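Numbering (the numbering used here), first residue to last: 253 to 564.
As structure tokens, the structure follows; a few thoughts come after it.
Spelled out as structure tokens, the structure:
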């Protein structure tokens with residue numbers, strides 16, 4: 253007879269006791285079933301927490317990847333904007349070069365070298381960068397082209413700076429030359445005056461014989477200011493034979509002007525003078541027929557017609 257295990261259930265209500273009997277085999281099966289249930293339950297709970305942790309990690313990773321993707325998109329957009337700025341800078345540099353060329357044509361100033369291209373002799377203007385290229389595919393190509401053009405623009409800007417400095421120096425030299433070139437009458441147009449003798453051959457008012465007159469005689473009221481006709485340095489102040497009291501100004505570049513028959517000097521030897529600046533007063537000194545200024549222009553020591561140097 254198989255051994256059985258009895259279970260007695262007692263009640264505190266006075267009800268008769270109940271007895272249950274089960275074999276050891278059944279009890280073993282129940283124990284195994286319960287153990288299996290607990291094992292499955294434990295695995296489910298463990299798997300749940302593992303899945304929860306994995307989900308949280310994936311969510312965190314998704315947020316991180318989304319942030320990185322946003323930064324990458326921003327960087328790509330900045331790269332495209334930078335490419336557009338490089339194109340804009342190149343166009344501005346070319347515009348400056350064209351402006352320099354126009355100034356040189358107007359001022360009749362040649363370039364310092366034979367190159368008319370800021371990108372060097374034989375160098376061609378780089379093509380515009382295509383900022384619309386898909387950066388997913390052409391990222392490295394665009395970056396390489398950007399670096400190459402930055403180097404080219406840097407060299408071109410240095411060359412352009414050199415050309416502008418050369419142009420500025422040439423313009424300053426021209427400005428100095430123009431400022432030092434006689435261009436006005438030595439007597440103001442506001443003063444009542446008239447030309448009594450021009451440059452060239454004439455009949456002498458003293459001897460009646462034919463002689464060569466080396467200057468321009470402008471008669472006016474005695475004491476009228478005599479003006480420097482260009483910038484320069486006073487070379488001589490004093491008596492000069494038949495010219496009487498004379499002022500001589502050295503304008504540089506081989507140009508000298510002389511102002512004779514003065515009444516009074518307003519400048520001393522060695523002083524710098526500017527065009528339109530009074531240097532003396534009209535007089536009647538030396539051999540003269542009346543108050544006037546004898547005005548001479550000499551180029552490399554040779555008298556030239558002052559009328560060519562009177563523009564007002």
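We treat Cβ as the ideally placed atom computed from N, Cα and C, and that holds for glycine.
None of these values were measured; they are calculated from a predicted model.
Tell me whether the region 479–491 and the region 443–460 touch, counting them as touching only if at least three CB pairs, one residue from each stretch, are closer than 8 Å. Touching, no, given that fewer than three Cβ pairs across the two stretches are closer than 8 Å.
Based on Cα-Cα distance, which residue from 348, 309, 415, 446 lies nearest to residue 476? Counting from one through the chain shown, the residue named residue 476 turns up at place 224. It is 446.
In this structure, does DSSP put residue 442 in helix, strand or coil? Walking along the chain shown from the start, residue 442 turns up at place 190. Residue 442: coil per DSSP, three-state reduction.
Output yes or no for whether 8 Å exceeds the beta carbon distance between residue 467 and residue 411. Along the chain shown, read from residue 1 onward, the residue named residue 467 stands at position 215. Along the chain shown, read from residue 1 onward, the residue named residue 411 stands at position 159. Residue 411 sits away from residue 467, with the two beta carbons spaced by 8 Å or more.
Between which residues of its own chain and residue 505 is the CB-CB distance below 8 Å, once the five residues before and five after are set aside? As a working note, residue 505 is residue 253 in the chain shown. Cβ neighbours of residue 505 beyond the five flanking positions: 429, 432, 433.
On a Cα-Cα basis, can you pick out the residue from 454, 335, 346, 441 that is closest to residue 399? Working through the chain shown from its first residue, we reach residue 399 at position 147. The alpha carbon of residue 399 has as its nearest neighbour, out of 454, 335, 346, 441, the alpha carbon of 335.
Is it true that the CB of residue 496 sits closer than 8 Å to the CB of residue 449? Numbered from 1 along the chain shown, position 197 holds the residue referred to as residue 449. Numbered from 1 along the chain shown, position 244 holds the residue referred to as residue 496. The Cβ-Cβ distance between residue 449 and residue 496 does not fall below 8 Å.
Can you grab the Cα-Cα spacing for the pair residue 304 / residue 284, in whole Å? For the purposes of this step, residue 304 is taken as residue 52 along the chain shown, with counting starting at 1. For the purposes of this step, residue 284 is taken as residue 32 along the chain shown, with counting starting at 1. A straight line joining the alpha-carbon of residue 304 with that of residue 284 spans about 30 Å.
Mapping the DSSP letters down to three states, classify residue 277 as helix, strand or coil. Taking the chain shown and counting its residues from 1, one reaches residue 277 at position 25. In the structure shown, residue 277 sits in a helix (DSSP, three-state: H, G or I).
To the nearest angstrom, report how far apart residue 436 and residue 508 are at their CA atoms. Within the chain shown, residue 436 is the residue found at index 184, counting from 1. Within the chain shown, residue 508 is the residue found at index 256, counting from 1. Using only the alpha carbons, I get a separation of about 14 Å.
List the whole-angstrom C-beta distance separating residue 548 from residue 510, where the pair is believed to meet the contact cut-off of C-beta under 8 Å. In the chain shown, residue 548 corresponds to position 296, counting from 1. In the chain shown, residue 510 corresponds to position 258, counting from 1. Sure, about 4 Å apart at Cβ, within 8 Å.
What's the call for residue 488, buried or exposed, on a 16-neighbour Cβ count within 10 Å? Indexing the chain shown from 1 puts residue 488 at position 236. That one is exposed.
Mark residue 349 as exposed unless 16 or more other C-beta atoms lie within 10 angstroms of its C-beta, in which case mark it buried. Residue numbering aside, residue 349 sits at position 97 when the chain shown is read from its first letter. The residue in question, residue 349, is buried, as its Cβ has 16 or more Cβ neighbours within 10 Å.
Start and end of the beta strand (DSSP E) containing residue 479? Position 227 of the chain shown, counted from the first residue, corresponds to residue 479. It spans 477–479 - the beta strand (DSSP E) in which residue 479 sits, taken as one unbroken run.
Can you tell me the Cβ-Cβ gap for residue 419 and residue 328, rounded? I've got them flagged as a contact below 8 Å. Your numbering for residue 419 matches position 167 in the chain shown. Your numbering for residue 328 matches position 76 in the chain shown. The Cβ separation is near 41 Å, so there is no contact.
If we ignore side chains and look at the alpha-carbon of each, how far apart do residue 373 and residue 552 end up? The sequence position of residue 373 within the chain shown is 121, counting from 1. The sequence position of residue 552 within the chain shown is 300, counting from 1. Confidence in residue 373 is poor, its pLDDT being 44 and thus under 50, which makes the residue's placement unreliable; the coordinate value appears in the next sentence. Using only the alpha carbons, I get a separation of about 41 Å.
So the candidates are 513, 535, 502; which of them puts its Cα closest to the Cα of residue 523? Position 271 of the chain shown, counting from 1, holds the residue named residue 523. Out of 513, 535, 502, the CA that lies nearest to the CA of residue 523 is found in 502.
Just to confirm, is the Cβ distance from residue 426 to residue 347 under 8 Å? Counting from one through the chain shown, the residue named residue 426 turns up at place 174. Counting from one through the chain shown, the residue named residue 347 turns up at place 95. No, the Cβ-Cβ distance between residue 426 and residue 347 is not below 8 Å.
Coarse secondary structure for residue 423, derived from DSSP in three states: Here the question's residue 423 lines up with position 171 in the chain shown. The DSSP-derived three-state label of residue 423 is helix.
Whole-Å CB distance - residue 533 paired with residue 516, under 8 Å assumed: The count along the chain shown starts at 1 and reaches residue 533 at position 281. The count along the chain shown starts at 1 and reaches residue 516 at position 264. So it is a contact: roughly 4 Å between Cβ atoms.
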